[in-house]
Amino acid sequence: MNRSEILASIQSKSPEILIVGAGINGVGAFRDLALNGADVLIIDRGDFCSGASAASSHMAHGGIRYLENGEFRLVREAVQERNRMIENAPHLVKPLPTVVPMFKIFSGLLNAPFKFLNLLDKPAERGALVIKIGLIFYDAFTRAQKTVPPHKFEGRAKSLEKYPKLAPDIKFTATYYDGQILSPERYTVELLLDGEKDGGKALNYVSFMGAQGDSVRLRDELTGSTFNIQPKIIINAAGPWIDFVNRAFGVTQRYIGGTKGSHLVLNHPELREAIGKNEFFFENKDGRIVLIFPFYDKVIIGTSDIPIQNPDEARCTPEEEQYFIDLVSRVFPTIKVGPEHIVFRFSGVRPLEYMQAKTTGQITRDHSIKEDRAGNIPVLSLVGGKWTSYRAFSEQVTDTVLARLGKPRKADTLKLPVGGGVGYPAISLAQIEYIKKIGEVLSGSSTAGQTGDNLMPKHLFERYGTRALEVAQFIKETSTESLKSLPGWTVGEVHFLVEHEKAVRVDDILIRRSTLAWLGKVTRPVVEEIAAIMGASLGWSPQQVEVEVERTLAILKEFHGVNL
Numbered sequence: 331m332n333r334s335e336i337l338a339s340i341q342s343k344s345p346e347i348l349i350v351g352a353g354i355n356g357v358g359a360f361r362d363l364a365l366n367g368a369d370v371l372i373i374d375r376g377d378f379c380s381g382a383s384a385a386s387s388h389m390a391h392g393g394i395r396y397l398e399n400g401e402f403r404l405v406r407e408a409v410q411e412r413n414r415m416i417e418n419a420p421h422l423v424k425p426l427p428t429v430v431p432m433f434k435i436f437s438g439l440l441n442a443p444f445k446f447l448n449l450l451d452k453p454a455e456r457g458a459l460v461i462k463i464g465l466i467f468y469d470a471f472t473r474a475q476k477t478v479p480p481h482k483f484e485g486r487a488k489s490l491e492k493y494p495k496l497a498p499d500i501k502f503t504a505t506y507y508d509g510q511i512l513s514p515e516r517y518t519v520e521l522l523l524d525g526e527k528d529g530g531k532a533l534n535y536v537s538f539m540g541a542q543g544d545s546v547r548l549r550d551e552l553t554g555s556t557f558n559i560q561p562k563i564i565i566n567a568a569g570p571w572i573d574f575v576n577r578a579f580g581v582t583q584r585y586i587g588g589t590k591g592s593h594l595v596l597n598h599p600e601l602r603e604a605i606g607k608n609e610f611f612f613e614n615k616d617g618r619i620v621l622i623f624p625f626y627d628k629v630i631i632g633t634s635d636i637p638i639q640n641p642d643e644a645r646c647t648p649e650e651e652q653y654f655i656d657l658v659s660r661v662f663p664t665i666k667v668g669p670e671h672i673v674f675r676f677s678g679v680r681p682l683e684y685m686q687a688k689t690t691g692q693i694t695r696d697h698s699i700k701e702d703r704a705g706n707i708p709v710l711s712l713v714g715g716k717w718t719s720y721r722a723f724s725e726q727v728t729d730t731v732l733a734r735l736g737k738p739r740k741a742d743t744l745k746l747p748v749g750g751g752v753g754y755p756a757i758s759l760a761q762i763e764y765i766k767k768i769g770e771v772l773s774g775s776s777t778a779g780q781t782g783d784n785l786m787p788k789h790l791f792e793r794y795g796t797r798a799l800e801v802a803q804f805i806k807e808t809s810t811e812s813l814k815s816l817p818g819w820t821v822g823e824v825h826f827l828v829e830h831e832k833a834v835r836v837d838d839i840l841i842r843r844s845t846l847a848w849l850g851k852v853t854r855p856v857v858e859e860i861a862a863i864m865g866a867s868l869g870w871s872p873q874q875v876e877v878e879v880e881r882t883l884a885i886l887k888e889f890h891g892v893n894l
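Be aware that the sequence shown starts at 331, since it is given in the working numbering, and climbs by one per residue.
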């Protein structure tokens, strides 16, 4: 169903379950509920995965540092879920070798027990012995899955041989494996589309206005129209905005005490070459855990952990920017980084549970369900959680909701592929054959060759996994004409994202259905050309197209520091 059909459908027959917030936790629950035959609607006041879930560090990881907080259950769950993400979405989540440079040997040995007992509030540098113990635990949690190799330690000489620009005063490096989410936004959208195939309904740009009695009032942010529905259960999955949503129906209990995390994307070939295929994960001089890791041909560095009251105000500040630039010298002292290398900035708020902690690093990353009522309707607020643990959290939520509705669980998501991960060819030779199939679909067009890009099948496979055949078929049937402003893209692909992936704004495509903005590939001509194509699909007037162009340019400048 398209947007208009969904709006008409839910007004004629209310869904049983309303999920407010289409970040990863909301969408994970949506998919699991739909898979089990529940009548579920998910809404978001913005685009899908446009809030906290879009501002993650792009990591699928267990959180090795949470071991010293005593959160063994959380770390065990997260490393197992990390492996499932790598297996179920291999086109979007890749194993990532992670290097930990160590400058001391015994430092921090007594800190872990003190932090475990909540008696230490100032972080101190972890030495090689503490890190070795942590990695032994980390490996033990998922040894049976064998998805990634165990860790290994190397001394100074071997480490400097492998990474010549590494700081010469290191004592050891440890290398272990986590996962990298190439596009959290695409992962979330593909998960959501899977839920729709199972009968769920999803709407972006629809706001929750409030609830009274048995009714909930919603507003279509694209038209300004409002309407009522009568769900049996509300799931508040608004992340850092959970308390704001709850206040709309009179709940004043504070659940969220979020912290802001910001990152930079750098175009820095020297730094990119120095790190190779590895993430560098280390403590800065102030004790803050920071990271540098590859992102296609770019580099992401981050992250901060700063208390914030209003998530709408999250921006990467000049102070954070300078902090990130300076941290590179901690491990790569000869590599110079400056503002001129920045192509994209992003910042968001972790939806952490409100609690009194001596440092932000001691606030739990675990998840929980809180229960309230909106009028006569039960409300389940999904508090906390890590990106990596979304599936396990969604399973818990689904079990809770199904029990309330008196419905049995019919299926689970443990080994269920996500989107273009279905039938994904794991071996290089099989991938080459699959890319050939995509090329055959494209070349079957009566306008074959108009794309002018022999790499188009490979581009589509990299972007969509096994869904690339569907995308190629659509391009063949609509338009294989290349975009004038953007190599590797066609008019047909933009139409596909509008008609099959619910993109209704230009920034939906530039930031969330693709990584174009993240990689610094957006120019004003790109914005104008994509706006014109979307306008043709959505029936915009020339004036609406121009308004959308200016709106997109303003968003890129305000939220991401991209001035076009």
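Using N, Cα and C, we set each Cβ at its ideal position, and we do this for glycine too.
query, result
"Is it true that the CB of Y585 sits closer than 8 Å to the CB of Y506?", "no"
"Under the rule that 16 or more other beta-carbon atoms within 10 Å means buried, what is Y720, buried or exposed?", "buried"
"Please report the residue range of the beta strand (DSSP E) in which N534 lies.", "K531 to N534"
"Which same chain residues end up closer than 6 Å to L894 when comparing Cβ atoms and leaving out the 5 residues on each side of it in sequence?", "R854 and L883"
"In chain order, what residues of the same chain have a beta carbon less than 6 Å from the beta carbon of A497, not counting five sequence neighbours either side?", "V661 and P663"
"How many Å lie between A442 and G393 at the Cα?", "A caution first: A442 carries a pLDDT of 48, below 50, which makes its placement in the model too unreliable to give a value."
"What are the partner residues of P431, as DSSP defines its beta bridges?", "T503"
"Flag this pair as yes or no: are the beta carbons of F674 and A847 separated by less than 8 Å?", "yes"
"Keeping to the same chain, check which residues put their C-beta closer than 8 Å to that of T820; ignore five residues upstream and five downstream.", "T781, M786, I805, S809, T810, E811, S812 and L813"
"Can you name the start and end residues of the beta strand (DSSP E) that T589 belongs to?", "T589 to L596"
"Name the one or two DSSP bridge partners that N558 has.", "R547"
"If you measure between the beta carbons of F538 and Q341, is that distance less than 8 Å?", "no"
"Using C-beta distances below 8 Å, list every residue in its chain close to P345, excluding the 5 sequence neighbours before and after it, in chain order.", "D369, V370, L371, K531, I559 and P561"
"At which residues does the alpha helix (DSSP H) containing F676 begin and terminate?", "From DSSP, F676 is part of no alpha helix (DSSP H) but of the beta strand (DSSP E) over I672 to R680."
"Whether or not the segment 864-884 and the segment 820-835 are in contact is what I'm after, with contact meaning three or more pairs of Cβ atoms, one per stretch, closer than 8 Å; do they touch?", "yes"
"Hey, could you find the ends of the alpha helix (DSSP H) A733 is sitting in?", "Y720 to L735"
"Can you grab the Cα-Cα spacing for the pair H697 / G751, in whole Å?", "26 Å"
"Which same chain residues end up closer than 7 Å to I336 when comparing Cβ atoms and leaving out the 5 residues on each side of it in sequence?", "K531 and L533"
"Taking a contact to mean a Cβ-Cβ separation below 8 Å, would you say P420 touches A760 in this structure?", "no"
"At which residues does the alpha helix (DSSP H) containing K527 begin and terminate?", "P514 to K527"
"Out of curiosity, what's the CA-to-CA distance linking T647 and D635?", "13 Å"
"Return helix, strand or coil for T743, following the three-state DSSP convention.", "coil"
"What are the complete alpha helix (DSSP H) segments, minimum 4 residues, inside the segment 780-814?", "786-794 and 798-808"
"By a C-beta neighbour count over all protein chains shown, 10 Å radius and 16 as the cutoff for buried, is S386 buried or exposed?", "buried"
"Could you pull out every residue in the same chain whose Cβ sits closer than 7 Å to the Cβ of R797, ignoring the five residues on either side in sequence?", "G749 and G750"
"Return the Cβ separation of G353 and G381 in integer angstroms, given the expectation that the two are a contact with Cβ distance under 8 Å.", "6 Å"
"Kindly list the residues whose CB is nearer than 7 Å to the CB of I461, restricted to its own chain and excluding five residues on each side of it in sequence; keep chain order.", "V430, M432 and A504"
"May I have the straight-line CA-CA distance separating V852 from V824, to the nearest angstrom?", "14 Å"
"When we look at the beta-carbon of R577 and count the other beta-carbons within 10 Å, is it buried (16 or more) or exposed?", "exposed"
"Determine the burial state of T428: buried for a count of at least 16 other Cβ atoms within 10 Å of its Cβ, exposed for fewer.", "buried"
"By alpha-carbon positions, which one of E643, G822, K495 and L596 ends up nearest to Y626?", "L596"
"Using CA atoms only, rank isn't needed, just tell me which of H481, N355, S758 and G714 is closest to E515.", "N355"
"Along the chain, where does the beta strand (DSSP E) that runs through I372 open and close?", "V370 to D374"
"From the DSSP output, which residues share a beta bridge with P624?", "V629"
"For G822, I'd like the list of residues in its chain whose CB is within less than 7 Å of its CB, leaving aside the five on either flank, ordered along the chain.", "F804, I805, T808, S809 and T810"
"Would you check if the distance between the CB atom of A741 and the CB atom of N366 is smaller than 8 Å?", "yes"
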